[in-house]
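Asker: One point on numbering: in this note's numbering, the residue at position 150 of the sequence shown is 981, and numbering is uninterrupted.
In this text, a Cβ means the ideal position worked out from N, Cα and C, and glycines have one as well.
Would you mind keeping the following structure in view while I ask a few things?
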Amino acid sequence: MEPFRVIEFSTLPAKCAYLDNKLMRMEYKFIEKCPESLNQKLVERGWRRFGEYYSRPNCVDCKDCLSLRIDTMNYTFSKSAKKTIRKNQNTQFIIQKPTLSIDHLNLYEKYHKYMEEKKGWKHYSLNPNSYYELYASGSMNFGKEILYFVDDKLVGVDLVDILSDGLSSIYFFYDPNFAHLSLGRFSMYQQIIIAQTYNLPWVYLGYYVEKCPSLNYKADYKPHEIMQGEPSLTDLPIWLNPEEQ
């Protein structure tokens, strides 16, 4: 096993990115050469990976960020989902180790300018080094990108981790000119299909926040489970289906 090191730190309370009139405090682990087994344990306990940084909310007076995972073995595709999949019958994809190219950077910039106008997202341009640190570094042997193409044109980039029990959905961005293909939903369905194909029971979606429009859509993917509390690495993570409680 390659040697690795962990540096832990927390941010000071700052304006919440998800909810108005709330403060957010994040705890981080910077992990060089993270072993696959440790990545698995962290994702199972609600940590999110971006590059070599793992983060999890650690807010004093708010517990609205809930880790959600889709139960892929019991998931059935609705008529609407099947329609979206049919719309993308000419959309091709490949799965590979995360890479960096001019097409990646241009697509990232185009998508975030679009989201700034559409939803008021704060837009930060990324230079090649910043993109690499966020989305390509730290991938080890488990981090992958799913690239989507229409007529050989890159139209979507989906960053995921392949786990022993599922996929961890990290980040997806797409070309707004192809919004009619519902690429966001299509990429989500593809993750579920990949998990089902390889008998992987979960797709970890990160944080669900009921009152945040950018995150509350995750509850639409049913059945799903919600992680209980903030387990440490020595605690057994407990996930429950909210409809069965």
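Using the beta-carbon count (16 or more within 10 Å), is residue 1026 buried or exposed?
Answerer: Your numbering for residue 1026 matches position 195 in the sequence shown. So residue 1026 counts as buried.
Asker: Secondary structure at residue 840, three-state DSSP: helix, strand or coil?
Answerer: Against the sequence shown, residue 840 aligns to sequence position 9. Residue 840: strand per DSSP, three-state reduction.
Asker: Taking the continuous beta strand (DSSP E) assigned at residue 888, which residues delimit it?
Answerer: Against the sequence shown, residue 888 aligns to sequence position 57. Where residue 888 is concerned, the enclosing beta strand (DSSP E) stretches over 884-888.
Asker: For the pair the region 845-856 and the region 887-904, tell me if three or more CB-CB distances fall below 8 Å.
Answerer: yes
Asker: Go through its chain and collect everything with a Cβ distance to residue 1073's Cβ below 6 Å, but skip five positions before and after it.
Answerer: Numbered from its first residue, the sequence shown carries residue 1073 at position 242. Cβ within range, chain order: 1057.
Asker: At 3 residues or longer, and completely inside the region 844-894: list those beta strand (DSSP E) runs for me, N to C.
Answerer: 857-863, 879-881 and 884-888
Asker: Take residue 839 as the anchor and find which of 884, 879, 847 and 850 has the nearest alpha-carbon.
Answerer: Residue mapping note: residue 839 aligns to position 8 of the sequence shown, counting from 1. Taking only the C-alpha atoms, the option nearest residue 839 is 884.
Asker: Only counting the same chain, and skipping five residues up and downstream in sequence, which positions put a Cβ closer than 6 Å to that of residue 879?
Answerer: Residue numbering aside, residue 879 sits at position 48 when the sequence shown is read from its first letter. Here the set comprises 886 and 1037.
Asker: Hey, how far is the Cα of residue 820 from the Cα of residue 945?
Answerer: Here the chain covers residues 832 to 1076 and nothing more, so residue 820 does not appear.
Asker: Buried or exposed: which applies to residue 1051, given that a residue is buried once 16 or more other Cβ atoms fall within 10 Å of its Cβ?
Answerer: One-based indexing of the sequence shown puts residue 1051 at position 220. So residue 1051 ends up on the exposed side.
Asker: Which residues bound the beta strand (DSSP E) around residue 992?
Answerer: Along the sequence shown, read from residue 1 onward, the residue named residue 992 stands at position 161. First-last of the beta strand (DSSP E) with residue 992: 984-993.
Asker: Please go through the same chain and pick out, in chain order, the residues whose beta-carbon is closer than 7 Å to the beta-carbon of residue 1071, but skip the five residues on each side of it.
Answerer: The residue labelled residue 1071 in the question sits at position 240 within the sequence shown. Excluding residues within five positions, the ones whose Cβ falls inside 7 Å are 1056, 1057 and 1059.
Asker: Indicate the three-state DSSP secondary structure (helix, strand or coil) for residue 1041 in the structure shown.
Answerer: Residue numbering aside, residue 1041 sits at position 210 when the sequence shown is read from its first letter. Coil.
Asker: To the nearest angstrom, how far is the alpha carbon of residue 988 from that of residue 904?
Answerer: Taking the sequence shown and counting its residues from 1, one reaches residue 988 at position 157. Taking the sequence shown and counting its residues from 1, one reaches residue 904 at position 73. Between residue 988 and residue 904, the C-alpha separation is close to 25 Å.
Asker: Could you check where the alpha helix (DSSP H) with residue 934 kicks off and where it finishes?
Answerer: Here residue 934 refers to the residue found at position 103 of the sequence shown. Its alpha helix (DSSP H) spans residues 933-950.
Asker: Using a Cβ-Cβ distance under 8 Å, would residue 1074 count as near chain D?
Answerer: The structure shown contains no chain D; it holds only a single protein chain.
Asker: Judging by CA-CA distance, which residue of 965, 872, 902 and 882 is the nearest neighbour of residue 1063?
Answerer: The count along the sequence shown starts at 1 and reaches residue 1063 at position 232. Nearest of 965, 872, 902 and 882 to residue 1063, Cα basis: 872.
Asker: Assign residue 877 to one of two classes, buried (16 or more other C-beta atoms within 10 Å of its C-beta) or exposed (fewer than that).
Answerer: Against the sequence shown, residue 877 aligns to sequence position 46. A buried status is given to residue 877, since no fewer than 16 other beta-carbon atoms sit within 10 Å of its beta-carbon.
Asker: If we count the other Cβ atoms within 10 Å of its Cβ and call it buried at 16 or more, is residue 947 buried or exposed?
Answerer: Position 116 of the sequence shown, counted from the start, is the residue given in the question as residue 947. Within a 10 Å sphere around the beta-carbon of residue 947 sit fewer than 16 other beta-carbons, which makes this residue exposed.
Asker: Nearest to residue 970 by CA position, among 1020, 850 and 994, is which residue?
Answerer: Here residue 970 refers to the residue found at position 139 when the sequence shown is read from its first residue. Nearest C-alpha to residue 970: 994.
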